[in-house]
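A.B. asks: Residues in the sequence shown are numbered consecutively from 1, following my numbering. Backbone N, C-alpha and C fix where the C-beta goes; we use that ideal spot for every residue, glycine too. No experiment lies behind these values; they were computed from the predicted model shown. Could you have a look at this structure, given as structure tokens, before my questions?
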Amino acid sequence: MRRPACLIRFVLLAFGLLLATACSGHGAGKAAGGGAVTSSPFTAGNQYVVLPQPAGQPAPTGPVVLIEVFSYACPHCADFAPYMDTLRSKLPTDVQVRYMPIVFNQDWMAAGQAFYAARQLGVLARTHDALFKAKREHYPLNSLQDMAAWYARQGVDPQKFLATATNATTMRDMATDQHTEAGWGIDSTPSLVVGRLASDKQDAPFVAQMRSGDFDDFTELQKIGLWMVEHARKNR
Numbered sequence: 001m002r003r004p005a006c007l008i009r010f011v012l013l014a015f016g017l018l019l020a021t022a023c024s025g026h027g028a029g030k031a032a033g034g035g036a037v038t039s040s041p042f043t044a045g046n047q048y049v050v051l052p053q054p055a056g057q058p059a060p061t062g063p064v065v066l067i068e069v070f071s072y073a074c075p076h077c078a079d080f081a082p083y084m085d086t087l088r089s090k091l092p093t094d095v096q097v098r099y100m101p102i103v104f105n106q107d108w109m110a111a112g113q114a115f116y117a118a119r120q121l122g123v124l125a126r127t128h129d130a131l132f133k134a135k136r137e138h139y140p141l142n143s144l145q146d147m148a149a150w151y152a153r154q155g156v157d158p159q160k161f162l163a164t165a166t167n168a169t170t171m172r173d174m175a176t177d178q179h180t181e182a183g184w185g186i187d188s189t190p191s192l193v194v195g196r197l198a199s200d201k202q203d204a205p206f207v208a209q210m211r212s213g214d215f216d217d218f219t220e221l222q223k224i225g226l227w228m229v230e231h232a233r234k235n236r
């Protein structure tokens, strides 16, 4: 049973992107490129989308990476957080897990800035799930000042948090990720993206190969994520 999507269309002024967005329990289901993967329990263009590979570049050979595209402002992402933790625990040890916030509208800006600030301040690992828990408990997290007050409860200096959340590194990283997510066709959260690093070098760029599409519930999204990882590991 599909959840209704809260679809909105707007111009993202901060980065000049036009996006059709949905904070929902399912994602867009049409492939941006590539074909169906054989022997799959899921259907290309529905539960997963094959992403086009960069032209003229060799196939990536580095570690498999699973990325969750999310927002702290998205209630569905907060609900998915325990499922994501379970998914992560089931992954092979050689699979990397990353998180990438998305900003669908101005109201989600503070949530995105909070992620980049926490990462720069070295507190992301201990605050990521805790912030989702606060969201589920309806803690006020609507503005950057709300975020600073919450991080202060986690032992982070609020002024340092605010300075980091608005610095040039945060705004650059946010703009870069928004451009990347638009290229993947992300229009709903939570979404999962699987691919490989271009090589075994630690700083090798990530090459996305597949992303999640429609799903009926978070248990199915878990299964889609696991299957995409298994497929990527088998097709090096």
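Closer than 6 angstroms by C-beta to G112: which residues in its own chain qualify, once you throw out the five before and the five after it? Chain order, please.
C.D. replies: Taking the sequence shown and counting its residues from 1, the one referred to as residue 112 is at position 112. For G112, where only same-chain residues beyond five positions count, the Cβ hits under 6 angstroms are P101, V103, M174.
A.B. asks: What are the uninterrupted segments assigned as alpha helix (DSSP H) that are 4 or more residues long and contained completely in the region 54-105, given in chain order?
C.D. replies: Taking only runs of at least 4 residues, the alpha helix (DSSP H) segments lying wholly in the region 54-105 are 75-90.
A.B. asks: How is L226 classed by DSSP in three states: helix, strand or coil?
C.D. replies: Against the sequence shown, residue 226 aligns to sequence position 226. Three-state result, L226: helix.
A.B. asks: CA-CA distance, G225 and F42?
C.D. replies: To locate residue 225, count along the sequence shown from 1; it is residue 225. To locate residue 42, count along the sequence shown from 1; it is residue 42. About 11 angstroms.
A.B. asks: Any chance you could list the alpha helix (DSSP H) runs of at least 4 consecutive residues sitting entirely within the region 165-235, in chain order?
C.D. replies: Taking only runs of at least 4 residues, the alpha helix (DSSP H) segments lying wholly in the region 165-235 are 168-184, 218-234.
A.B. asks: Got a sec? Which residues, its chain only, sit under 8 angstroms from F132 by beta carbon, not counting five neighbours each side?
C.D. replies: The sequence position of residue 132 within the sequence shown is 132, counting from 1. Y72, C77, A78, A81, listed in sequence order.
A.B. asks: With respect to the beta strand (DSSP E) encompassing Y48, which residues constitute its N-terminal and C-terminal limits?
C.D. replies: Position 48 of the sequence shown, counting from 1, holds the residue named residue 48. Residues 48-50.
A.B. asks: Taking all protein chains shown into account, do 16 or more other C-beta atoms lie within 10 angstroms of the C-beta of T127, making it buried, or fewer, making it exposed?
C.D. replies: The sequence position of residue 127 within the sequence shown is 127, counting from 1. The residue in question, T127, is buried, as its Cβ has 16 or more Cβ neighbours within 10 Å.
A.B. asks: Could you tell me which residues DSSP pairs with A44 in its beta bridges?
C.D. replies: Indexing the sequence shown from 1 puts residue 44 at position 44. BP columns for A44 point to Y48.
A.B. asks: Express the C-alpha separation of Y83 and Y183 in angstroms, rounding to a whole number.
C.D. replies: Taking the sequence shown and counting its residues from 1, the one referred to as residue 183 is at position 183. Taking the sequence shown and counting its residues from 1, the one referred to as residue 83 is at position 83. Checking the sequence shown, residue 183 turns out to be Gly, not Tyr. Going by the C-alpha atoms only, they are around 26 angstroms apart.
A.B. asks: At what residues does the alpha helix (DSSP H) containing H138 begin and finish?
C.D. replies: Here the question's residue 138 lines up with position 138 in the sequence shown. First-last for H138: undefined, no H or E at that position.
A.B. asks: Applying the criterion that 16 or more other CB atoms from any shown protein chain within 10 Å of the CB defines a buried residue, is R3 buried or exposed?
C.D. replies: Taking the first residue of the sequence shown as position 1, residue 3 is located at position 3. Residue placement at R3 is flagged as unreliable, the pLDDT there being 38, under the threshold of 50; a coordinate-derived value is accordingly withheld.
A.B. asks: Any idea if S191 is buried or exposed, counting beta-carbon neighbours within 10 angstroms, 16 or more meaning buried?
C.D. replies: Here residue 191 refers to the residue found at position 191 of the sequence shown. Classification of S191: buried, given that the 10 Å Cβ count is 16 or more.
A.B. asks: If you count every other CB in all the chains shown that lies within 10 Å of the CB of A163, and 16 or more means buried, which is it?
C.D. replies: In the sequence shown, counting from the first residue as 1, residue 163 sits at position 163. Classification for A163: exposed.
A.B. asks: Cα separation between A208 and L87?
C.D. replies: Residue mapping note: residue 208 aligns to position 208 of the sequence shown, counting from 1. Residue mapping note: residue 87 aligns to position 87 of the sequence shown, counting from 1. Each residue's Cα considered, the two are about 19 angstroms apart.
A.B. asks: Below 6 angstroms CB to CB, which residues in the same chain sit around Q244 once its five sequence neighbours on both sides are set aside?
C.D. replies: One cannot answer for residue 244 here, as it falls past the ends of the chain, which runs 1 to 236.
A.B. asks: Work out the CA separation of G56 and F161 for me, nearest whole Å.
C.D. replies: On the sequence shown, residue 161 is found 161 positions in, with the first residue counted as 1. On the sequence shown, residue 56 is found 56 positions in, with the first residue counted as 1. Computed Cα separation, rounded: 42 angstroms.
A.B. asks: Distance check for L197 and V97, CA to CA, integer angstroms please.
C.D. replies: Taking the first residue of the sequence shown as 1, we reach residue 97 at position 97. Taking the first residue of the sequence shown as 1, we reach residue 197 at position 197. One C-alpha to the other measures close to 12 angstroms.
A.B. asks: Quick one: grab the DSSP three-state call for D157.
C.D. replies: As a first step, residue 157 is located in the sequence shown; it is residue number 157 there, counting from the start. Three-state result, D157: coil.
A.B. asks: State the DSSP-derived secondary structure class of L162, mapped to helix, strand or coil.
C.D. replies: Indexing the sequence shown from 1 puts residue 162 at position 162. Looking at L162 - three-state DSSP - the assignment turns out to be helix.
A.B. asks: Would DSSP call L144 helix, strand or coil?
C.D. replies: The residue given as residue 144 occupies position 144 in the sequence shown. L144: helix per DSSP, three-state reduction.
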